[in-house]
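Below is one structure, written out as structure tokens; comments come after it.
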Amino acid sequence: MTEKKLIERLKAKDKEAFEELYNQYAPKIYVTLKNYVGPNEIEDALQEVFYKIFKGIHTFRGDSKLSTWIYQITINVGKDFIRKKIKNPVENIDLTENYTEGVGIQPHSDVNVSNEVFDEMEMDKIIKIMDKLSEEDKTLIKLRDIDGLSYDEIAKKLNKPLGSVKSRLHYARKKFQKLLKEEGLL
25 MTEKKLIERL KAKDKEAFEE LYNQYAPKIY VTLKNYVGPN EIEDALQEVF
75 YKIFKGIHTF RGDSKLSTWI YQITINVGKD FIRKKIKNPV ENIDLTENYT
125 EGVGIQPHSD VNVSNEVFDE MEMDKIIKIM DKLSEEDKTL IKLRDIDGLS
175 YDEIAKKLNK PLGSVKSRLH YARKKFQKLL KEEGLL
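Structure (structure tokens):
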């Protein structure tokens, strides 16, 4: 079926067209969302994307490809999930934590550095900076600072010694801090 025909059927609320759309795009959306949300949220995010497609298909004008429109919805949903995490103080990335005495980012008086950074940065900038880190560094920061796992939980999940997790996370955070400084965001 051509894209134009699929769009017409979607706008007519054709159930089979939505099933076809889901079968065609769900795997791609899933992979994209993995960059934004944790494994325990991915199904919710996927459902949110398809809900937005269902509710918004009548507004699709065809100025771009359907896949481009769906990709933008996916990115926006992913960013929304990140924003929700950042606003939740329990899961907030703690850029001020001292990992060992005298090491780590030192807080400036009563200023919460992470809130200052996130208030001034857009999500796109955070994602672009995080993308400059190695996969291991991104994983460690995400598991600890975004997903809120303990060091022990991370060690078990990654099958690595606890000391290695703490050490590698410390250096991953330092790299992240350096990138923030290079971008003039810290």
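With our numbering as the guide, the letters of the sequence shown map in order to residues 25 to 210.
Just so it is clear, CB atoms sit at the ideal spot from N, CA and C, and this is done for glycine as well.
Residue i Cβ short of 7 Å to the ligand ATP heavy atom set
i: T56; result: The ligand content of the structure shown is nil, which means the ligand ATP is not present either.
Terminal residues of the alpha helix (DSSP H) in which residue i lies
i: D87; result: Here D87 belongs to no alpha helix (DSSP H), and DSSP marks it neither H nor E.
i: R197; result: L186 to E206
i: Y166; result: With the sequence shown as reference, residue 166 is identified as Lys, and Tyr is not the correct amino acid for it. First-last for K166: undefined, no H or E at that position.
i: T212; result: Here the chain covers residues 25 to 210 and nothing more, so residue 212 does not appear.
i: A69; result: I66 to G80
i: Y175; result: Y175 to L182
i: K227; result: Look at the range of the chain in this structure, 25 to 210, and you will see that residue 227 is not part of it.
Residue i burial status per 10 Å Cβ neighbour count (16 or more: buried)
i: L186; result: exposed
i: K109; result: buried
i: Y75; result: exposed
i: R85; result: exposed
i: S138; result: Any answer about S138 is weak, because its pLDDT of 43 lies below 50 and its placement is not dependable; what the coordinates show is given next. Answer is buried; the Cβ neighbour count reaches 16.
i: D161; result: buried
i: L119; result: In this prediction, L119 has a pLDDT of 46, which is less than 50 and means its spatial position is unreliable; nothing more can be read from the coordinates.
i: Q130; result: Reliability of the predicted coordinates at Q130 is poor, the pLDDT of 41 falling under 50, and no value is obtained from them.
Close beta carbons around residue i, own chain, < 7 Å, minus the five adjacent residues each side
i: T163; result: none
When the options are compared against residue i, the one with the closest alpha-carbon
i: V73; options: R85, G86, S91 and D38; result: S91
i: D104; options: L167, G62, R168 and Y46; result: G62
i: S158; options: F200, Y175 and D87; result: F200
i: Q96; options: M154, I53, Y46 and N183; result: I53
i: A36; options: H82, E27, I178 and K181; result: H82
Same chain, Cβ closer than 8 Å to residue i, neighbours up to 5 away in sequence not counted
i: A69; result: L57, Y60, V61, V101, G102 and F105
Test item: CB-CB of residue i and residue j under 8 Å
i: E27; j: K79; result: no
i: R197; j: I150; result: no
i: I66; j: I94; result: no
i: I153; j: L167; result: no
Sequence-distant residues of the same chain with beta carbon closer than 6 Å to residue i, five excluded per side
i: T98; result: I53, T56 and V73
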